[in-house]
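Chemist:
Numbering (my numbering), first residue to last: 3 to 160.
(1) Closest to residue 124 by C-alpha separation, out of 16, 142 and 61, would be which residue?
(2) What separation, rounded to the nearest whole angstrom, lies between the Cα atoms of residue 11 and residue 55?
(3) Find the nearest neighbour of residue 101 within the set 137, 87 and 68, judged by alpha-carbon distance.
(4) Hey, could you find the ends of the alpha helix (DSSP H) residue 113 is sitting in?
(5) CA-CA distance, residue 80 and residue 17?
(6) Taking the alpha-carbon positions, what's the residue 112 to residue 129 distance?
(7) Taking only runs that begin and end inside the stretch 27-62, name each unbroken beta strand (DSSP E) of 3 or more residues, in chain order.
(8) For residue 99, which residues of its own chain have a beta-carbon under 6 Å away from its beta-carbon, when the five flanking residues on both sides are left out?
Laid out in C-alpha coordinates, this is it:
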(Lines of atoms letter the chains of each structure in order from A and count residues from 1; the text may use other names and numbers.)
(Lines give C-alpha, C1' and ligand atoms only; values in the text may rest on other atoms or scores of the structure.)
Protein backbone atom coordinates (compact mmCIF):
# COMPACT_ATOMS: atom_id res chain seq x y z
CA UNK A 1 0.00 0.00 0.00
CA UNK A 2 2.67 2.55 1.05
CA UNK A 3 5.05 1.48 -1.69
CA UNK A 4 2.62 2.19 -4.51
CA UNK A 5 1.00 5.26 -2.92
CA UNK A 6 4.28 7.05 -2.26
CA UNK A 7 6.08 5.66 -5.34
CA UNK A 8 8.76 3.93 -3.26
CA UNK A 9 11.26 1.50 -4.79
CA UNK A 10 11.38 -0.71 -1.69
CA UNK A 11 8.86 -1.58 1.03
CA UNK A 12 9.17 1.04 3.80
CA UNK A 13 8.68 -1.38 6.72
CA UNK A 14 9.91 -4.86 7.59
CA UNK A 15 10.12 -7.06 10.66
CA UNK A 16 13.91 -6.69 10.84
CA UNK A 17 15.64 -3.48 9.82
CA UNK A 18 17.68 -3.40 6.61
CA UNK A 19 21.39 -3.38 7.48
CA UNK A 20 22.02 -0.95 4.62
CA UNK A 21 20.38 1.73 6.76
CA UNK A 22 22.23 0.85 9.96
CA UNK A 23 24.05 3.70 11.61
CA UNK A 24 27.25 1.99 12.74
CA UNK A 25 27.96 3.50 16.12
CA UNK A 26 31.24 2.68 17.84
CA UNK A 27 29.46 -0.07 19.79
CA UNK A 28 27.98 -1.57 16.61
CA UNK A 29 31.39 -1.52 14.89
CA UNK A 30 33.01 -3.16 17.90
CA UNK A 31 30.31 -5.85 18.12
CA UNK A 32 30.63 -6.61 14.39
CA UNK A 33 34.43 -6.75 14.66
CA UNK A 34 34.22 -9.21 17.58
CA UNK A 35 31.75 -11.39 15.70
CA UNK A 36 33.93 -11.43 12.58
CA UNK A 37 37.02 -12.20 14.65
CA UNK A 38 35.25 -15.09 16.37
CA UNK A 39 34.14 -16.55 13.06
CA UNK A 40 37.46 -16.05 11.28
CA UNK A 41 39.52 -17.51 14.14
CA UNK A 42 37.71 -20.89 13.82
CA UNK A 43 38.19 -21.35 17.53
CA UNK A 44 35.28 -21.22 19.94
CA UNK A 45 32.08 -19.27 19.66
CA UNK A 46 30.75 -15.75 19.91
CA UNK A 47 27.76 -14.43 21.78
CA UNK A 48 26.00 -11.14 21.10
CA UNK A 49 23.84 -9.77 23.90
CA UNK A 50 22.11 -6.48 24.53
CA UNK A 51 18.87 -4.81 25.47
CA UNK A 52 15.82 -4.82 23.22
CA UNK A 53 16.12 -2.35 20.37
CA UNK A 54 19.90 -1.90 20.49
CA UNK A 55 20.52 -3.31 17.01
CA UNK A 56 21.53 -6.95 17.66
CA UNK A 57 19.41 -8.30 14.80
CA UNK A 58 20.64 -5.67 12.38
CA UNK A 59 24.29 -6.28 13.33
CA UNK A 60 23.72 -10.02 12.79
CA UNK A 61 22.21 -9.35 9.37
CA UNK A 62 25.21 -7.16 8.58
CA UNK A 63 27.44 -10.04 9.66
CA UNK A 64 25.58 -12.53 7.45
CA UNK A 65 26.20 -10.31 4.44
CA UNK A 66 29.94 -10.60 5.04
CA UNK A 67 30.05 -14.39 5.30
CA UNK A 68 31.24 -16.42 2.30
CA UNK A 69 28.46 -17.86 0.11
CA UNK A 70 29.10 -21.47 1.18
CA UNK A 71 28.81 -20.72 4.92
CA UNK A 72 26.53 -22.53 7.33
CA UNK A 73 24.96 -20.88 10.35
CA UNK A 74 24.75 -22.87 13.60
CA UNK A 75 21.97 -22.24 16.12
CA UNK A 76 21.98 -23.89 19.54
CA UNK A 77 19.18 -23.85 22.09
CA UNK A 78 19.97 -25.18 25.55
CA UNK A 79 17.59 -25.71 28.41
CA UNK A 80 18.21 -26.44 32.06
CA UNK A 81 15.54 -29.11 32.40
CA UNK A 82 15.77 -32.77 33.32
CA UNK A 83 17.45 -33.92 30.12
CA UNK A 84 16.59 -36.86 27.88
CA UNK A 85 17.97 -40.34 28.56
CA UNK A 86 20.58 -41.32 25.92
CA UNK A 87 18.55 -44.31 24.74
CA UNK A 88 15.82 -41.95 23.45
CA UNK A 89 18.01 -39.38 21.63
CA UNK A 90 18.21 -41.34 18.31
CA UNK A 91 14.40 -41.45 18.15
CA UNK A 92 13.20 -38.02 19.33
CA UNK A 93 12.95 -36.68 15.75
CA UNK A 94 10.82 -39.66 14.61
CA UNK A 95 7.14 -38.94 13.96
CA UNK A 96 4.89 -39.84 16.90
CA UNK A 97 7.82 -40.82 19.13
CA UNK A 98 7.28 -39.93 22.75
CA UNK A 99 9.55 -40.67 25.66
CA UNK A 100 7.78 -43.30 27.80
CA UNK A 101 5.91 -41.63 30.63
CA UNK A 102 5.56 -38.34 28.73
CA UNK A 103 1.85 -37.58 28.63
CA UNK A 104 2.13 -34.26 26.78
CA UNK A 105 2.20 -33.67 23.05
CA UNK A 106 1.61 -35.89 20.06
CA UNK A 107 5.22 -36.69 19.20
CA UNK A 108 5.06 -34.61 16.02
CA UNK A 109 6.79 -31.35 17.00
CA UNK A 110 10.43 -32.39 16.62
CA UNK A 111 9.62 -34.43 13.53
CA UNK A 112 8.12 -31.35 11.89
CA UNK A 113 11.12 -29.24 12.93
CA UNK A 114 13.50 -31.79 11.37
CA UNK A 115 11.47 -31.82 8.14
CA UNK A 116 11.61 -28.02 7.89
CA UNK A 117 15.35 -27.82 8.69
CA UNK A 118 16.22 -30.57 6.18
CA UNK A 119 13.97 -29.02 3.50
CA UNK A 120 16.14 -25.89 3.79
CA UNK A 121 19.38 -27.88 3.43
CA UNK A 122 20.22 -28.01 7.11
CA UNK A 123 20.86 -30.59 9.78
CA UNK A 124 19.49 -30.95 13.31
CA UNK A 125 20.62 -32.96 16.30
CA UNK A 126 20.31 -33.09 20.06
CA UNK A 127 22.68 -33.77 22.93
CA UNK A 128 21.50 -34.34 26.45
CA UNK A 129 22.83 -34.90 29.92
CA UNK A 130 20.17 -37.00 31.61
CA UNK A 131 18.97 -35.25 34.73
CA UNK A 132 20.56 -31.92 33.73
CA UNK A 133 19.98 -30.34 30.31
CA UNK A 134 19.36 -30.81 26.60
CA UNK A 135 20.91 -28.88 23.74
CA UNK A 136 19.19 -28.81 20.35
CA UNK A 137 21.47 -27.68 17.52
CA UNK A 138 20.83 -27.06 13.86
CA UNK A 139 22.70 -25.68 10.90
CA UNK A 140 21.32 -23.89 7.87
CA UNK A 141 23.21 -22.82 4.78
CA UNK A 142 23.54 -19.09 4.25
CA UNK A 143 20.64 -18.07 2.05
CA UNK A 144 21.59 -16.17 -1.06
CA UNK A 145 19.78 -13.04 -2.27
CA UNK A 146 17.76 -12.70 0.92
CA UNK A 147 19.08 -9.27 1.75
CA UNK A 148 18.94 -6.81 -1.10
CA UNK A 149 22.06 -4.91 -2.03
CA UNK A 150 22.11 -1.22 -2.83
CA UNK A 151 23.36 -2.17 -6.31
CA UNK A 152 20.18 -4.26 -6.81
CA UNK A 153 18.04 -1.22 -6.01
CA UNK A 154 20.10 0.94 -8.37
CA UNK A 155 19.74 -1.63 -11.16
CA UNK A 156 15.96 -1.65 -10.72
CA UNK A 157 15.84 2.15 -10.99
CA UNK A 158 17.76 2.14 -14.29
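In this text, a Cβ means the ideal position worked out from N, Cα and C, and glycines have one as well.
Modeler: According to the data block:
(1) When each option's Cα is compared against that of residue 124, the closest is 142.
(2) C-alpha separation (whole angstroms): 26 Å.
(3) Comparing Cα positions, the closest option is 87.
(4) That run of the alpha helix (DSSP H) goes 111-121.
(5) Going by the C-alpha atoms only, they are around 25 Å apart.
(6) Each residue's alpha carbon lies about 14 Å from the other.
(7) The beta strand (DSSP E) runs lying completely inside the stretch 27-62 and spanning 3 residues or more number zero.
(8) Within the same chain, residue 99 has close Cβ partners 93 and 109.
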